[in-house]
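The structure under discussion appears below in the form of structure tokens.
2 protein chains.
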Amino acid sequence: MKKHLFHLPDGVIYLDGNSLGPLPIAAAARLDQARDEWADLLITGWNKAGWMAQPQRLGNRIARLIGAADNSVIVGDTLSIKVFQALAAGLNMRPGRQVVLSDNGNFPTDLYMAEGLLRTMGRDLSLKVVDPEDVADHLDDSIAVMMLTEVDYRTGRKHDMAALTRLAHENGAVAMWDLAHSAGALPVDLAACNAELAVGCTYKYLNGGPGAPAFIYVRPDLADSVDPALAGWLGHQAPFAFDLDYRPAEAIGRMRVGTPPVLQMATLEAALDIWDDVSIHDVRARSITLSERFISEVETRCPNLTLASPRNPDERGSQVSFTHPEGYAIMQALIARGVIGDFRAPDAIRFGFTPLYLDEADIVKAAEILEQIMTESLWDNPTYRVRAAVT
Amino acid sequence: MKKHLFHLPDGVIYLDGNSLGPLPIAAAARLDQARDEWADLLITGWNKAGWMAQPQRLGNRIARLIGAADNSVIVGDTLSIKVFQALAAGLNMRPGRQVVLSDNGNFPTDLYMAEGLLRTMGRDLSLKVVDPEDVADHLDDSIAVMMLTEVDYRTGRKHDMAALTRLAHENGAVAMWDLAHSAGALPVDLAACNAELAVGCTYKYLNGGPGAPAFIYVRPDLADSVDPALAGWLGHQAPFAFDLDYRPAEAIGRMRVGTPPVLQMATLEAALDIWDDVSIHDVRARSITLSERFISEVETRCPNLTLASPRNPDERGSQVSFTHPEGYAIMQALIARGVIGDFRAPDAIRFGFTPLYLDEADIVKAAEILEQIMTESLWDNPTYRVRAAVT
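Order-wise, the sequence lines are chains A and B. Counting in our numbering, the first sequence runs from 1 upward without gaps. Counting in our numbering, the second sequence runs from 1 upward without gaps.
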């Protein structure tokens, strides 16, 4: 759909945009521009180049992609930090309740950050982690916050955000969604589903670059009453008054914390431009076409691989995983042949479908290479078994 | 000392390196390199380009500048986040004590983050904020953590880190230092002073770029027992095992949180290279020469300006402030004439001395321009009174 807007190395079929999106060509120029602003404007860049307004400006760009109102999303920090911040806000909305409900398909850092927050809060709080399909059964009046990731990072399994949010609300719980594998991958309608809180990251389907900042959403009617646990100066009503006491900024502004990473924000901004003339509904339709084709090709060509993702595309995000006991070595063999996906312990090889820069020819070619690796046991090579630090 | 290594715009005398350091020429090339790594290596950059090791590698570079042992400093997040993380760790070291002691010369975000943390922790904790000169008098056995910034952001007034840390320890309190205006400005000897915790930022004297990440130090003998409040996945012992439970990494590694901002880290790394053949003691000596000269020139030339910084250079960091009721307009007039300092409410004009790229000719020239502004009332111009969002 927009392949010409991305830098894609020759000979590479990139099926890992669900982990790190490729470089948008315009992001390179925007990065040069930000560097020159730093060089030439120095400290005055905060005003003159609009750096200080980046978090809000980019938040509004992302809002449009996730069905959120203007001025309800702000960009900054890492996703882990935003999870902490959102969950703390959610717990404060239900002071009489003690339980955070999540599932074991959530990305681990969400669970770790929750554990750390609950330890820090000290009162009698607990984290209940159930199987993804059992979340609905555990929603009752003990639950303060239902904290879920919409799309499972391992298998692409997708929760029904609207239904679970409704159920959470019927039980008096706050709904908090991690959209890491949703934003830019499929239509999200936060306003319609009425969830109180959401977070997400921008280096996957949004192509913001390695370590690009995260985002946080607070439902507009609640934003002015959220008490920020991470009460940073740039979330203050008047940061440059240098008051000794914290007075939170209006609305989502209070979820800002510290100084924004200007260079990362600049590349992200260029990456978000691409979405201006793309319909997320079209992206979703193309993603389903690509993933269905891939599953069909792989199942025909590679009978030893087991589909680990839901077969129904409506129940998946924009990625597909297969399992095999030698998954790690298979993925290394694929990467050596230019097909970049990734591996998730213990045995899953994972492929992301990003229609902005992938077409069906790529998908078929990738399946062909995978077939060759499997039929000729090309993965059976000691060098492919050496685990890298990051897998 | 190293002026040729920086990009400094023509006609500018930059006296605001204490707020945002200028672009190191090598950082521009390193940024291009990081962009190309992203473009060509895509997800494999995390291993192949060493991105995943950036926080530790850069931490070790900074450690040498602040008298810290190898593997005791790690880079990431913003300074606000690192304050929260360090203070939470400090409070957990003294579970029986209830008071955080700070001073009203601390940078506001430190106080705000402390307030937010104490509210989050909920138990009967309080933040006591006293005048900087009264800190010693308030150290008693109620104090859990003494949380101070070594150098006052407004005036440059410098605490005696060794003496106050000793006193904190005599009273059984944990000592936590914010080195935002110290790192790269003056010799810091964390190991000698034995402070438990320190944090700092890298976009001031270390020239890491706008929004460059912060750092945190934990005294090595304590690092393995710190319970991270911000328990992010990259602080896990085995992040890519994707365990459901958090097991903190060894030593300072557990103070990592989320995905590092690779582009910002790259420029910071190039900026840190400059320190490899510079002695921080020489930098300090030159900084004192420059600031003494500036004070003397300004006091001679501009009798209406009042020195707001300690007169004794041993009691100052690497910046000098003067007050004047029209401080804001005076600073705008200076900036319009190429002398970039900054303004801190209510009435201080602030000048940073950064010997890496400033010499005495710059200082004298800046004083001359200031003299002209004051004697000819050049500040008395309505355009200089329009306050920008960031001042």
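From the three backbone atoms N, C-alpha and C, an ideal C-beta is built for every residue, glycine too.
Cα separation between residue i and residue j?
{"i": "Arg-316 of chain B", "j": "Tyr-153 of chain B", "result": "11 Å"}
{"i": "Asp-394 of chain B", "j": "Trp-233 of chain B", "result": "Because chain B in this structure spans residues 1 to 391, residue 394 of chain B falls outside the shown range and cannot be described."}
{"i": "Trp-51 of chain B", "j": "Pro-260 of chain B", "result": "8 Å"}
{"i": "Ala-49 of chain B", "j": "Pro-213 of chain B", "result": "19 Å"}
{"i": "Ala-361 of chain A", "j": "Ala-345 of chain A", "result": "29 Å"}
{"i": "Leu-148 of chain B", "j": "Val-83 of chain B", "result": "10 Å"}
{"i": "Phe-294 of chain A", "j": "Gln-332 of chain A", "result": "19 Å"}
{"i": "Ala-53 of chain A", "j": "Pro-95 of chain B", "result": "40 Å"}
{"i": "Glu-371 of chain A", "j": "Gly-59 of chain B", "result": "44 Å"}
{"i": "Ser-142 of chain B", "j": "Gln-98 of chain B", "result": "6 Å"}
{"i": "Ala-308 of chain A", "j": "Val-320 of chain A", "result": "7 Å"}
{"i": "Gly-352 of chain B", "j": "Leu-186 of chain B", "result": "13 Å"}
{"i": "Gly-341 of chain B", "j": "Glu-250 of chain A", "result": "30 Å"}
{"i": "Gly-172 of chain B", "j": "Leu-139 of chain B", "result": "9 Å"}
{"i": "Ile-288 of chain A", "j": "Val-188 of chain A", "result": "16 Å"}
{"i": "Arg-350 of chain A", "j": "Gly-45 of chain B", "result": "18 Å"}
{"i": "Leu-42 of chain B", "j": "Gly-338 of chain A", "result": "11 Å"}
{"i": "Asn-194 of chain B", "j": "Leu-263 of chain B", "result": "33 Å"}
{"i": "Arg-387 of chain B", "j": "Ile-330 of chain B", "result": "12 Å"}
{"i": "Ala-34 of chain B", "j": "Leu-31 of chain A", "result": "11 Å"}
{"i": "Asp-70 of chain A", "j": "Asn-47 of chain A", "result": "22 Å"}
{"i": "Gln-85 of chain A", "j": "Leu-230 of chain A", "result": "6 Å"}
{"i": "Ser-102 of chain B", "j": "Leu-111 of chain B", "result": "8 Å"}
Per DSSP, residue i forms a beta bridge with which residues?
{"i": "Met-147 of chain A", "result": "A:Met-176"}
{"i": "Ser-126 of chain A", "result": "A:Val-99"}
{"i": "Gln-319 of chain A", "result": "A:Gly-352"}
{"i": "Arg-404 of chain B", "result": "As shown, chain B starts at 1 and ends at 391. That puts residue 404 of chain B outside it, with no answer to give."}
{"i": "Phe-409 of chain B", "result": "The question about residue 409 of chain B has no answer here: the residues shown for chain B are numbered 1 through 391."}
{"i": "Arg-30 of chain B", "result": "In the DSSP output, where bridge partners are listed per residue, Arg-30 of chain B has none listed."}
{"i": "Thr-306 of chain B", "result": "B:Thr-323"}
{"i": "Ile-340 of chain A", "result": "A:Tyr-14"}
{"i": "Leu-23 of chain B", "result": "B:His-7"}
{"i": "Val-75 of chain B", "result": "B:Phe-215"}
{"i": "Val-199 of chain B", "result": "B:Asp-178 and B:Ile-216"}
{"i": "Pro-248 of chain A", "result": "A:His-236"}
Going along chain A, which residues have a C-beta under 8 Å from residue i?
{"i": "Leu-358 of chain B", "result": "Per Cβ cutoff of 8 Å: no residues; Leu-358 of chain B is ~13 Å from chain A at best."}
{"i": "Val-100 of chain B", "result": "Near Val-100 of chain B there are no residues of chain A at all, since even the closest Cβ is about 14 Å away, more than 8 Å."}
{"i": "Asp-77 of chain B", "result": "Asp-77, Thr-78, Ile-81 and Gly-258"}
{"i": "Ala-28 of chain B", "result": "Arg-35 and Ala-39"}
{"i": "Ala-88 of chain B", "result": "Thr-120"}
{"i": "Leu-23 of chain B", "result": "Arg-35, Trp-38 and Ala-39"}
Check the Cβ of residue i against every Cβ in chain A and list those closer than 7 Å, keeping chain order.
{"i": "Pro-228 of chain B", "result": "Gly-116"}
{"i": "His-324 of chain B", "result": "Those do not exist, as His-324 of chain B stays about 18 Å from chain A at its closest Cβ, beyond 7 Å."}
{"i": "His-138 of chain B", "result": "Per Cβ cutoff of 7 Å: no residues; His-138 of chain B is ~16 Å from chain A at best."}
{"i": "Gly-59 of chain B", "result": "Near Gly-59 of chain B there are no residues of chain A at all, since even the closest Cβ is about 16 Å away, more than 7 Å."}
{"i": "Asp-16 of chain B", "result": "Leu-42 and Ile-43"}
{"i": "Gln-56 of chain B", "result": "Near Gln-56 of chain B there are no residues of chain A at all, since even the closest Cβ is about 11 Å away, more than 7 Å."}
{"i": "Leu-111 of chain B", "result": "Leu-244"}
Could you list which residues in chain B have their beta carbon closer than 7 Å to that of residue i, in chain order?
{"i": "Gln-372 of chain A", "result": "Here the premise fails: no neighbours, minimum Cβ distance about 21 Å."}
{"i": "Phe-84 of chain A", "result": "Leu-230"}
{"i": "Pro-108 of chain A", "result": "Trp-233, Phe-242, Asp-243 and Leu-244"}
Mind reading off the beta-carbon distance from residue i to residue j? Whole number of angstroms is fine, and I expect it under 8 Å.
{"i": "Val-100 of chain B", "j": "Ala-89 of chain B", "result": "12 Å between Cβ atoms; not a contact."}
{"i": "Ala-366 of chain A", "j": "Ile-13 of chain A", "result": "5 Å"}
{"i": "Ile-81 of chain B", "j": "Val-257 of chain A", "result": "6 Å"}
{"i": "Glu-239 of chain B", "j": "Gly-116 of chain A", "result": "Checking the sequence, you will find Pro at residue 239 of chain B rather than Glu. Contact flag wrong, Cβ pair sits at about 15 Å."}
{"i": "Ser-72 of chain A", "j": "Ala-168 of chain A", "result": "Going by Cβ atoms, the distance from Ser-72 of chain A to Ala-168 of chain A rounds to 19 Å, so no, they are not a contact pair."}
For a contact defined as C-beta to C-beta under 9 Å, what are the partners of residue i on chain A?
{"i": "Tyr-217 of chain B", "result": "Chain A residues near Tyr-217 of chain B: none, gap ~18 Å exceeds 9 Å."}
Which residues in chain B sit within 9 Å of residue i, going by Cβ to Cβ distance?
{"i": "Ala-181 of chain A", "result": "The identity of residue 181 of chain A in the sequence shown is His, whereas the question assumes Ala. Per Cβ cutoff of 9 Å: no residues; His-181 of chain A is ~14 Å from chain B at best."}
{"i": "Gly-104 of chain A", "result": "The sequence given here places Asn at residue 104 of chain A; Gly does not occur at that position. Neighbours of Asn-104 of chain A on chain B, chain order: Leu-244."}
Listing by chain order, which chain B residues have their CB less than 8 Å from the CB of residue i?
{"i": "Ser-19 of chain A", "result": "Ile-43"}
{"i": "Pro-95 of chain A", "result": "In chain order: nothing, as chain B lies at least about 10 Å away."}
task = Compile a chain-ordered list of the residues in the segment 222 to 249 of chain A whose CB is closer than 9 Å to at least one CB of chain B.
result = Within the segment 222 to 249 of chain A, those residues whose Cβ lies closer than 9 Å to any Cβ of chain B are, in chain order, Asp-227, Pro-228, Ala-229, Leu-230, Ala-231, Gly-232, Trp-233, Leu-234, Gly-235, His-236, Pro-239, Phe-240, Ala-241, Phe-242, Asp-243, Leu-244, Asp-245 and Tyr-246.
task = Could you list the residues in the segment 185 to 213 of chain B with a C-beta less than 9 Å from some C-beta on chain A, going in chain order?
result = Of all residues in the segment 185 to 213 of chain B, Cys-201, Tyr-203, Gly-209, Pro-210, Gly-211, Ala-212 and Pro-213 have a Cβ within less than 9 Å of some Cβ in chain A.
key: Near-chain A residues of the segment 31 to 44 of chain B - C-beta to any C-beta below 9 Å   = Residues Leu-31, Asp-32, Ala-34, Arg-35, Asp-36, Glu-37, Trp-38, Ala-39, Asp-40, Leu-41, Leu-42, Ile-43 and Thr-44.
ask   = Listed from N- to C-terminal order along the chain, which residues in the segment 139 to 164 of chain A have their beta-carbon within a distance smaller than 9 Å of any beta-carbon of chain B?
value = For the segment 139 to 164 of chain A, the residues whose beta carbon sits under 9 Å from a beta carbon of chain B are, in order, Tyr-153 and Arg-154.
query = When Cβ atoms are compared, which residues of the segment 335 to 362 of chain A fall closer than 8 Å to chain B?
reply = Residues Ile-335, Ile-340, Asp-342, Arg-344 and Ala-345.
ask   = What residues from the segment 300 to 318 of chain B come within 8 Å of chain A, judged by C-beta to C-beta, listed N to C?
value = Residues: none.
request  = Could you please tell me which residues of the segment 120 to 134 of chain B, in chain order, have their CB closer than 7 Å to any CB of chain A?
outcome  = So the close ones are Thr-120, Met-121, Gly-122, Arg-123 and Val-129.
task = Using a Cβ-Cβ cut-off of less than 8 Å, give me the residues of the segment 263 to 284 of chain B that come near chain A, in sequence order.
result = Identification of residues in the segment 263 to 284 of chain B having a C-beta nearer than 8 Å to some C-beta of chain A yields Leu-263, Gln-264, Met-265 and Thr-267, given in sequence order.
inquiry  = To be precise: take each residue of the segment 166 to 177 of chain B, compare its Cβ to all Cβ atoms of chain A, and keep it if any distance is under 7 Å. Which residues remain?
reply    = When C-beta distances to chain A are compared with 7 Å, every residue of the segment 166 to 177 of chain B stays at or above that value.
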